[in-house]
Structures are given as C-alpha cells and as structure tokens.
Amino acid sequence: MEAQAILLSQMFEEVELREILSGKAAQIKIDFASSKGETASNQFRLFCVQGDCDCSVKRLKTVDGQLDLTEVVRYSNDSYLFAAVRIFLQILENMTATEATIEVPTGWSIGSVAIEIRYYTRRCSTDKAPLSSLAFSFNEDGDRGSVVSRIVKKKDPSLYKKGAHYSDEPLSSAFRTFVHFSRTLTVSKLKIVLQTAEQVIRELPTAPSLSCQQLIIHTMDPAVPPLLFRFVSPGTKLFIRPYDVGEISLESSVFDSEVVRAASSFESFITSQITDHQLPFLEGEVLYLIAPGVTSKGINRLIWQWLYEERKIVRITISRTRRLISSEILQGLDPSRILSESELPQK
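Take a look at the structure:
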C-alpha cells in the first residue's frame with residue numbers, strides 16, 4: 058500500500074484520526090517534514106468511507122492543481138470507523154514513544170481524564186530530535202457516557218477537536234484506550250496518575266503484556282499497584298509515588314509477585330510491608346523502600362549477597378526500618394573485607 062511507503066520514509070509531526078460526516082466517514086491526517094531535511098510541512102490524507110456492506114479507503118491528493126480522491130484499498134465487512142482505527146494504530150506502530158501518561162490533570166473538572174503520548178518517529182529517535190506528542194481528553198457526556206477529544210494545545214484544554222463517543226464513563230474509556238495504545242507502541246515509560254481505579258483495572262484483560270521499560274504509578278489506593286503489575290513483564294522498572302498527601306502502604310503479599318521480585322529497579326515512596334525474608338528476593342540493582350518491618354537481619358542478608366557477588370548494587374535506600382544493631386548487620390561477614398569509616402578513601 059502506498060500509505061505504508063510514505064509512513065516509513067517520513068518524520069511525523071502530527072497524526073490525527075477524526076470522524077467526519079458522523080456515521081459515514083473518518084479522516085486520517087498526517088503532517089510531516091520530509092526525511093531529506095526539507096522544512097516545509099507536508100500532508101497526507103486518507104478517508105475511510107462507509108459503503109453498503111464494505112468500506113473504501115481513499116487518498117486525497119492534488120493532481121495538476123486539482124483535488125483528486127483515489128481509492129487505495131477496500132475492506133469487505135468492515136465499518137469505516139473500524140478500518141480507520143486499524144490504520145491509525147498501524148501508523149502509531151511506526152513511532153517510538155518515550156512516555157505515555159494517563160491522568161486526571163490538576164484543575165480539570167471531575168469526570169475528566171487525559172492521555173498524552175510523547176514520541177519520536179523511528180527514523181528520528183535520537184536525543185537531539187524534537188519530541189512530538191498526541192494528547193486526548195475524555196469527558197462525561199451527561200448521559201453516563203463519555204466523549205473523547207484531541208487536545209490541540211496542551212496548555213489550554215479549551216482548544217480541542219471532538220472525536221469518538223463511548224458508552225462508558227470517562228475513566229473506563231480512557232484506561233481501555235490507554236492500554237490499547239500501550240500495547241501498540243514501543244514505550245520507554247508508562248505513567249499512570251490516578252487516585253483510584255481498582256474496578257476499572259480489574260475488568261481489563263492482562264494479556265498481552267504492556268511493552269514498556271518503566272511503569273510509573275501515582276495513586277492513593279494500595280490495591281492499584283499490584284493490579285497494574287499484572288500488565289507488565291518481569292524485568293520492568295517499577296516506580297510508585299502517592300497521588301496526594303496521606304498514608305497508604307503496600308501489603309506484604311505484593312513482594313511475592315514475580316514482576317516485583319524481578320524488577321530491574323523498584324522504588325516505592327509509599328510505605329511497604331516487606332519482611333526480612335522477602336527483602337533478599339528483590340533482584341533490582343536500584344531499590345528505594347520505606348520499610349518499617351525490616352530489621353538488621355534483612356540488611357545483613359543484602360550485604361552478604363553483595364559481598365559474595367550474589368547481587369549487584371547500584372543504589373539501595375531503605376528508610377524507617379526498625380532499630381538497626383551494628384553487630385547483627387555484620388554478623389557472619391568476613392571482617393577483613395569490611396572497612397571502618399576511618400579507612401574509607403577521603404574525598
């Protein structure tokens with residue numbers, strides 16, 4: 058398909074999917090700069106038009122100064138909207154996203170949820186390349202449903218373009234869409250900022266896994282992190298912060314999860330009820346824990362693993378532990394391999 062060749066040879070500036078002529082057609086518009094370094098913005102447009110029992114995909118272009126609408130493919134037994142969404146997701150597969158976020162933005166009305174995807178294209182994925190973004194808002198429609206809009210200017214939520222309508226309330230619709238995006242894109246960071254979403258998360262299928270290097274969770278519901286851990290693969294970095302001021306804690310059972318134990322980095326800024334027995338099973342080279350249940354014995358085991366090369370440590374911080382006793386921390390360790398404070402190299 059000619060569209061695929063264009064997608065692979067250009068650097069996207071903006072990709073838009075919009076329903077037009079409600080119930081009859083949808084438009085996919087791509088703004089791009091030429092990969093050859095041209096500064097002029099170009100456009101590529103596809104229209105998915107509903108037929109009696111099929112859907113026609115047409116490309117709009119200019120030929121000899123005249124607009125020309127040429128059919129490029131026809132799908133049988135497909136609705137125009139299904140075809141449009143499928144093509145839209147194929148386009149997104151040619152992006153490398155750095156971060157995908159779902160949150161209820163500060164200052165927005167109750168019943169509103171936002172999704173933002175920040176990305177490079179695959180042909181432009183260096184640190185020097187500018188980031189692009191797609192941003193969507195989900196808002197209540199007044200009838201137990203929700204309307205999704207694409208935000209044109211992120212700093213001003215009043216500037217948006219209305220799109221699809223969902224029968225579910227905004228949080229369910231937004232989270233389902235967020236998971237769909239996250240499974241389609243190659244993402245460095247997934248960021249979820251929700252006070253609570255336990256019921257919504259429970260209803261979502263956990264397979265296939267979300268493809269991300271790091272999962273960032275901001276929440277005030279201790280049930281949310283373990284539910285979200287089911288969506289990612291062992292080895293994913295995990296980062297948890299409280300959504301707001303308040304005291305919550307992760308149950309001890311969370312640390313029996315394979316995803317938590319195999320995380321290459323685990324940082325939780327909410328209290329964790331991890332035990333001395335569970336602590337050595339965390340494989341992360343970077344750990345941050347607020348752990349009132351950890352004693353000198355747990356710290357001793359971590360040092361023993363590191364000293365005898367059973368684990369690599371980049372940085373481990375464990376705060377609010379029980380009172381630590383030096384003799385218990387050093388018990389069983391070879392004294393010749395331990396330096397006193399006075400023997401440490403001076404900075």
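In this note's numbering, each residue carries its 1-based index in the sequence shown increased by 57. All C-beta atoms in this analysis are idealised placements derived from N, C-alpha and C, irrespective of residue type, glycine included.
Original post:
Shortest alpha-carbon distance to Ile356 belongs to which of Cys112, Gly202 and Leu336?
Top reply: Leu336
**OP:** Provide the residue span of the alpha helix (DSSP H) that contains Phe286, from first to last.
**Re:** Val281 to Phe286
Original post:
Leaving out five residues before and five after Pro265 in sequence, what residues of the same chain have Cβ atoms less than 7 Å from its Cβ?
Top reply: Arg240
Original post:
Do Ile327 and Phe296 have their C-beta atoms closer together than 9 Å?
Top reply: no
Subject >> Pair within 9 Å by beta-carbon distance, Asn298 and Asp333 >> reply: Rather than Asn, the amino acid found at residue 298 in this sequence is Arg. No.
**OP:** Flag this pair as yes or no: are the beta carbons of Phe238 and Ile172 separated by less than 9 Å?
**Re:** yes
Subject >> Beta-carbon proximity list for Leu344, same chain, < 6 Å, skipping 5 on both sides >> reply: Cβ within range, chain order: Phe323 and Ile373.
Subject >> Alpha carbon of Thr293 to alpha carbon of Lys248, nearest angstrom >> reply: 13 Å
Original post:
For His334, which of helix, strand or coil comes out of DSSP?
Top reply: Under the three-state reduction of DSSP output, His334 falls in the coil class, being neither helix nor strand.
Subject >> Of the listed residues Ser203, Gln388 and Cys110, nearest to Arg233 (C-alpha basis) >> reply: Residue Ser203 holds the alpha-carbon nearest to the alpha-carbon of Arg233 among Ser203, Gln388 and Cys110.
Original post:
With burial defined as no fewer than 16 other Cβ atoms inside 10 Å of the residue's Cβ, what is the status of Arg377: buried or exposed?
Top reply: Its Cβ having fewer than 16 others within 10 Å, Arg377 is exposed.
Original post:
Looking at the structure shown, is Lys248 part of a helix, part of a strand, or coil, going by DSSP?
Top reply: strand
Original post:
Since Pro349 contacts Arg380 with CB under 8 Å, what's their CB separation in whole angstroms?
Top reply: Between Arg380 and Pro349 the Cβ distance is about 11 Å, and since that is not below 8 Å, they are no contact.
**OP:** Would you identify the three-state DSSP class for Ala348, choosing helix, strand or coil?
**Re:** coil
Subject >> CB contact flag (Ala486, Pro291, <9 Å) >> reply: This structure cannot speak to residue 486, because the chain is shown only from 58 to 404.
Original post:
Applying the criterion that 16 or more other CB atoms from any shown protein chain within 10 Å of the CB defines a buried residue, is Arg116 buried or exposed?
Top reply: buried
Subject >> Selected residue, minimal CA-CA separation from Glu367, among Leu339, Ser384 and Ile386 >> reply: Leu339
Original post:
Along the chain, where does the beta strand (DSSP E) that runs through Val114 open and close?
Top reply: Asp111 to Val120
Subject >> Delimiting residues of the alpha helix (DSSP H) encompassing Glu315 >> reply: Counting along the chain, the alpha helix (DSSP H) containing Glu315 begins and ends at Glu315 to Arg318.
Subject >> Identity of the residues DSSP links to Val106 by a beta bridge >> reply: Paired residue(s): Ala82 and Ser113.
Subject >> Option in Val236, Val106, Ser384 and Glu197 with minimal Cα separation from Thr352 >> reply: Taking only the C-alpha atoms, the option nearest Thr352 is Ser384.
**OP:** Give the straight-line distance between the Cα atoms of Gly389 and Gln252, rounded to the nearest whole angstrom.
**Re:** 45 Å
Original post:
Going by the CB atoms, is the gap between Ile360 and Leu346 shorter than 9 Å?
Top reply: no
Subject >> Residues bridged to Ile373 [DSSP beta-bridge criterion] >> reply: Leu344
Subject >> Test item: CB-CB of Val244 and Glu315 under 9 Å >> reply: no
Subject >> With 16 other Cβ atoms within 10 Å as the buried cut-off, status of Tyr365 >> reply: exposed
Original post:
In three-state terms, what does DSSP make of Val311?
Top reply: It is helical.
Subject >> Reduced DSSP category for Thr382 - H, G, I as helix; E, B as strand; rest coil >> reply: The sequence shown places Ile at residue 382, rather than the Thr named in the question. If DSSP states are grouped into helix, strand and coil, Ile382 belongs with coil.
Original post:
Taking the C-alpha atoms as reference points, what is the distance between Ala82 and Asp200?
Top reply: Between Ala82 and Asp200, the C-alpha separation is close to 25 Å.
Original post:
By Cβ distance, which residues of its chain are closer than 6 Å to Phe286, with the 5 residues on each side in sequence left out?
Top reply: Around Phe286: Ser314 and Val316.
**OP:** Would you mind working out which of Ile370, Lys246 and Ser310 sits nearest Pro283, comparing C-alpha positions?
**Re:** For the residues Ile370, Lys246 and Ser310, the minimum Cα distance to Pro283 belongs to Ser310.
Subject >> 7 Å Cβ shell around Val257 - same chain, five flanking residues per side excluded >> reply: Leu228, Ser229 and Phe232
Subject >> Residue range of the alpha helix (DSSP H) that includes Ser353 >> reply: Ser353 to Leu364
Original post:
Ends of the alpha helix (DSSP H) at Arg259?
Top reply: Glu255 to Arg259
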